[in-house]
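Below you'll find the structure, written out as structure tokens, and then a few comments.
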Amino acid sequence: MRKRIALLLALVMVFALAFSSVAHADDLITVGIVNNPPSESGYREANVKDFESVFSKENGYDAKFSYSLKNDEQLSAARTFITDGVDYLLISAAETTGWDAVLKDAQDAGVSVFLFDRMIDCDPELFEAAVVSDMAQEGETAVNWLLAQKLDEYNVIHIQGAMGSDAQLGRTGALDEQFEAGTMKKVVQQTATWDEAEAKKITESVINSGEPFNVIYAENDGMAKGAVAALDEAGITHGVGKDVIVMGFDCNKWALRELLAGNWNYDGQCSPFQAQVISDMIQTLEDGGEIEGLNDAKQIISVEKGFDASEITEEDIDTYGLGE
Amino acid sequence: MKKTKTSQFFSNNSQLLIPLIAILLLIVFNLIRDPEFFSVGITTNNRGDAVLQGNLVSILNGASELVILSMGMTLVTAASGGQDISVGALAAIAGSVFVKVLKGGPAITGTSVFLAFLACCVVAMIFGCFNGSLVAFFNIQPMIATLILFTCGRSIAYWINGGATPTITSPIISAIGSFIPGIPVPTPILIVIVMGILFALLFRFTSLGLYIQSVGINQGAARLNGINAVGIKLLSFILLGACCAVAGMIGVSRLGLINHETILINIEMDAILAVAIGGNNLGGGKFKMLGSVLGAYAIQALTITLYAMKVPSTDVKAYKAVVIIILVALGSPVVKDTMSRFSKKIKSRSGTVGKEAA
Chain A
4 MRKRIALLLA LVMVFALAFS SVAHADDLIT VGIVNNPPSE SGYREANVKD FESVFSKENG
64 YDAKFSYSLK NDEQLSAART FITDGVDYLL ISAAETTGWD AVLKDAQDAG VSVFLFDRMI
124 DCDPELFEAA VVSDMAQEGE TAVNWLLAQK LDEYNVIHIQ GAMGSDAQLG RTGALDEQFE
184 AGTMKKVVQQ TATWDEAEAK KITESVINSG EPFNVIYAEN DGMAKGAVAA LDEAGITHGV
244 GKDVIVMGFD CNKWALRELL AGNWNYDGQC SPFQAQVISD MIQTLEDGGE IEGLNDAKQI
304 ISVEKGFDAS EITEEDIDTY GLGE
Chain B
309 MKKTKTSQFF SNNSQLLIPL IAILLLIVFN LIRDPEFFSV GITTNNRGDA VLQGNLVSIL
369 NGASELVILS MGMTLVTAAS GGQDISVGAL AAIAGSVFVK VLKGGPAITG TSVFLAFLAC
429 CVVAMIFGCF NGSLVAFFNI QPMIATLILF TCGRSIAYWI NGGATPTITS PIISAIGSFI
489 PGIPVPTPIL IVIVMGILFA LLFRFTSLGL YIQSVGINQG AARLNGINAV GIKLLSFILL
549 GACCAVAGMI GVSRLGLINH ETILINIEMD AILAVAIGGN NLGGGKFKML GSVLGAYAIQ
609 ALTITLYAMK VPSTDVKAYK AVVIIILVAL GSPVVKDTMS RFSKKIKSRS GTVGKEAA
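Protein chains in written order, with our numbering: chain A, 4 to 327; chain B, 309 to 666.
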């Protein structure tokens, strides 16, 4: 019995050796990518697609992917990648803590680490660079756009995402400053926890109260759609040049089409496209160069757009829209 | 004579007292806060149809999915003595199937919508059957059995459609989720009424209600009396599956969009709560579906009240919890016993007074 197991193990090792030598023979850059599963959200789906298309064989990569929502599963996947001897490790962590040991292992093994989408609480020495979104900046871009509309008064229905989430905190922050400064009036500020139907109910309750409002600031597209449904049922016009300004976030394709049709006014992007930036940095390292353009925390902030209904084009929808 | 009839009605339906009191309190509270709160007006919507509008309409309309699910939940609770916590996930699956079938077809017509509904009904009933067989055949605690689907249901919903928030736009879909042109009442309210009538007919013309009760009270005794206990439990889960399908379809049709992660999220807890507020025994046995329905409306009225009061978003759940604690405590056996003893005392006293006067 023992002999058989030994034989089996030997065979497995031979195969492993054979395969790893094949992989190296192609002269591809090996990359291990630890991400959250695409089912998490539309954002993640686009993110996963982006990485799978950029880190392909055609582009000179041999990429291995691991998807999990759980930190411990992600950690063990990262360890496996390190023992497999990947050249680069790309991580979008489920949780911000608990990564120090693994990242040290990677450093000792000579694996360069890139973080994307989410930061990790650790010594910046442990990774090469982080490509992340700045949620607070997304909120500021949106609020600045709103201020640029130069309305006589701003009576805002503010529909929030799940309280405490990164996106909610960032997108709420900028608007809260305006409320405190008195430049905009908070008609209602309520969380719909990303639930479209709840957003509709919140908007309905304002309409029923008869209080005037002229801006809907919803922290994602779905909730903006919910709010708009309430407006439609109450016979309130919305969109470009209409009674109520509608603002959403995430840039789903269907939402951008609403913009193009003039039914909504603004949609803020939260870019899931970080693969190309990381690929460029890897090429720089491969050529013996140094990565440039990092801030003090070794981050590169994704460039994010805000789309205005009066300027958006079909091309924008194809390029930046998520989903179908 | 008339008086005894009404008192008989109340003693037969004493369990309806708690949800009725809850709704009454919310109504009074809101009327004091804002006398116009329940006023219903007619406006013209953006499609040019005259429709009803107001908080009352919002409450009745918004509660539709919850009401339908709590109808099914009542049956499962009564028959199995446990709760199904997978209804939200199952409704998400049903909604996804509904969207998938419609997106698969060439154009959205009345027939294709009907077929899509049929498909999502069948799928939801199969999943209900799965839950039911775990409970009925394997005697697993309902909450544990349905924990499986609760955990993986929304992932299954994702597999069905892939992409994030697929949308469907069609006048037929908005007719289901919002208004049928020419009818000023929101369609979900009409669907609830239809479901209510269907269940009423089911109980009127079959002995299903009695069977469910007897299985819930004592499965062994029911079996000895020739009732197929396993079949009844299974049937209650399948009926709940059908309720999930209807709720899922309404949820999707409201906005013509499905987000498998958020559609009817956490509704299972509200549905169980509605059953509890409705005075039904969560351990199974006797049940009153009307109680659960009233409970569901009370929960929705509470939510809308909190929105109207502009309670800060971080505090909403805490306020809701306080009200619910009070309601559930009022409905607890301890309080009920004390109350009935108290009312008996008053009755006996007023009885003697009445005799003296006579």
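All residues carry an ideal CB built from backbone N, CA and C; glycine is no exception.
All values derive from a computational prediction rather than experimental measurement.
{"Item": "Extent of the continuous beta strand (DSSP E) run through Tyr269 of chain A", "Value": "269 to 271"}
{"Item": "Close-in-space but distant-in-sequence residues of the same chain around Ser651 of chain B (CB under 8 Å, 5 per side omitted)", "Value": "none"}
{"Item": "Val243 of chain A versus A:Arg174, A:Glu61, A:Glu314, residue with shortest Cα-Cα distance", "Value": "A:Glu314"}
{"Item": "Contacting positions in the stretch 623 to 655 of chain B - beta carbon closer than 9 Å to chain A", "Value": "Val624"}
{"Item": "Thr495 of chain B at chain A interface by Cβ criterion, 8 Å", "Value": "no"}
{"Item": "Inter-residue Cα distance where the pair is Ala665 of chain B and Ser658 of chain B", "Value": "Caution applies to Ala665 of chain B, whose pLDDT of 49 falls short of 50 and renders its modelled position unreliable; the value that the coordinates give is listed next. Ala665 of chain B and Ser658 of chain B: Cα-Cα distance of roughly 10 Å."}
{"Item": "8 Å Cβ cutoff met for Glu207 of chain A and Ser366 of chain B", "Value": "yes"}
{"Item": "Residues of the stretch 181 to 203 of chain A with Cβ closer than 8 Å to any Cβ of chain B, in chain order", "Value": "Val191, Gln192, Gln193, Thr194, Thr196, Trp197, Asp198, Glu199, Ala200, Lys203"}
{"Item": "Leu518 of chain B classed as buried or exposed, judged by whether at least 16 other C-beta atoms fall within 10 angstroms", "Value": "exposed"}
{"Item": "Contact list for the stretch 226 to 249 of chain A against chain C, Cβ threshold 8 Å", "Value": "Any reference to chain C falls outside this structure, whose protein chains are A and B."}
{"Item": "Val249 of chain A and Ala227 of chain A closer than 8 Å at C-beta", "Value": "yes"}
{"Item": "Nearest residue (CA-CA) to Leu118 of chain A, options A:Leu259, A:Thr99, A:Asp111, A:Asp108", "Value": "A:Thr99"}
{"Item": "Contact belief for Leu263 of chain A with Asp270 of chain A at Cβ below 8 Å, rounded distance in angstroms", "Value": "Between Asp270 of chain A and Leu263 of chain A the Cβ distance is about 10 Å, and since that is not below 8 Å, they are no contact."}
{"Item": "Under 7 Å from the C-beta of Tyr615 of chain B: neighbouring residues of chain A", "Value": "Gln193, Lys204, Ile205, Ser208"}
{"Item": "Span of the alpha helix (DSSP H) around Gln263 of chain A", "Value": "Before going further, note that residue 263 of chain A is Leu rather than Gln in the sequence given. Leu263 of chain A -> alpha helix (DSSP H) spans 256 to 263."}
{"Item": "Residues that Asn176 of chain A contacts on chain B, provided the C-beta gap is smaller than 8 Å", "Value": "The sequence given here places Gly at residue 176 of chain A; Asn does not occur at that position. Those do not exist, as Gly176 of chain A stays about 14 Å from chain B at its closest Cβ, beyond 8 Å."}
{"Item": "Asn255 of chain A at chain B interface by Cβ criterion, 8 Å", "Value": "yes"}
{"Item": "DSSP beta-bridge partners of Ile497 of chain B", "Value": "DSSP lists no partner for Ile497 of chain B."}
{"Item": "Residues that DSSP places opposite Ile162 of chain A in a beta bridge", "Value": "A:Gln193, A:Ala221"}
{"Item": "Rounded C-alpha distance that separates Gly380 of chain B from Ile481 of chain B", "Value": "24 Å"}
{"Item": "Closest Cα partner of Ser331 of chain B within the set B:Val642, B:Tyr615, B:Pro641, B:Thr611", "Value": "Looking at the sequence provided, one finds Ile at residue 331 of chain B rather than Ser. Checking every option, the nearest Cα to that of Ile331 of chain B belongs to B:Thr611."}
{"Item": "Collapsed DSSP secondary structure at Ala66 of chain A in the structure displayed", "Value": "strand"}
{"Item": "Contacting residues, own chain, Cβ-Cβ under 7 Å from Lys318 of chain A (five flanking each side not counted)", "Value": "Correcting the residue identity first, residue 318 of chain A is Glu in this sequence and not Lys. Same-chain partners within the cutoff: there are none."}
{"Item": "Contact check, Lys188 of chain A vs Tyr157 of chain A, beta carbons under 8 Å", "Value": "yes"}
{"Item": "Residue span of the alpha helix (DSSP H) that contains Asn50 of chain A, given as start and end", "Value": "45 to 57"}
{"Item": "Under the three-state DSSP convention, the category Ser24 of chain A falls into", "Value": "With a pLDDT of 47 at Ser24 of chain A, under the threshold of 50, the modelled position of that residue is not reliable, and the figure given next carries that caveat. Helix at Ser24 of chain A."}
{"Item": "Stretch pair the stretch 545 to 556 of chain B + the stretch 425 to 442 of chain B: three plus CB contacts closer than 8 Å", "Value": "yes"}
{"Item": "Beta-carbon gap between Leu178 of chain A and Gly142 of chain A smaller than 8 Å", "Value": "yes"}
{"Item": "Beta-carbon contacts of Glu199 of chain A that lie in its chain and below 7 Å, excluding the five residues immediately before and after", "Value": "Gly225, Met226, Lys228, Gly229"}
{"Item": "As assigned by DSSP and simplified to three states, the class of Ser656 of chain B", "Value": "helix"}
{"Item": "Residues in the stretch 357 to 373 of chain B having any Cβ partner in chain A nearer than 7 Å", "Value": "Val359, Gln361, Gly362, Asn363, Ser366, Gly370"}
{"Item": "Beta carbon proximity, Ile573 of chain B to chain A, threshold 8 Å", "Value": "yes"}
{"Item": "Proximal chain A residues relative to Ile505 of chain B, where beta-carbon distance stays under 7 Å", "Value": "The premise fails here: Ile505 of chain B is roughly 25 Å from chain A at the closest Cβ pair, so nothing lies under 7 Å."}
{"Item": "Buried or exposed (CB count within 10 angstroms, at least 16 for buried), Ser24 of chain A", "Value": "Unreliable positioning characterises Ser24 of chain A in this predicted model, as indicated by a pLDDT of 47, which lies under 50. The coordinate reading is nonetheless provided below. Ser24 of chain A comes out exposed."}
{"Item": "Integer-rounded CB distance, given that Leu565 of chain B should sit under 8 Å from Thr473 of chain B", "Value": "6 Å"}
{"Item": "Alpha helix (DSSP H) segments (min. 4 residues) lying fully within the stretch 565 to 594 of chain B", "Value": "575 to 585"}
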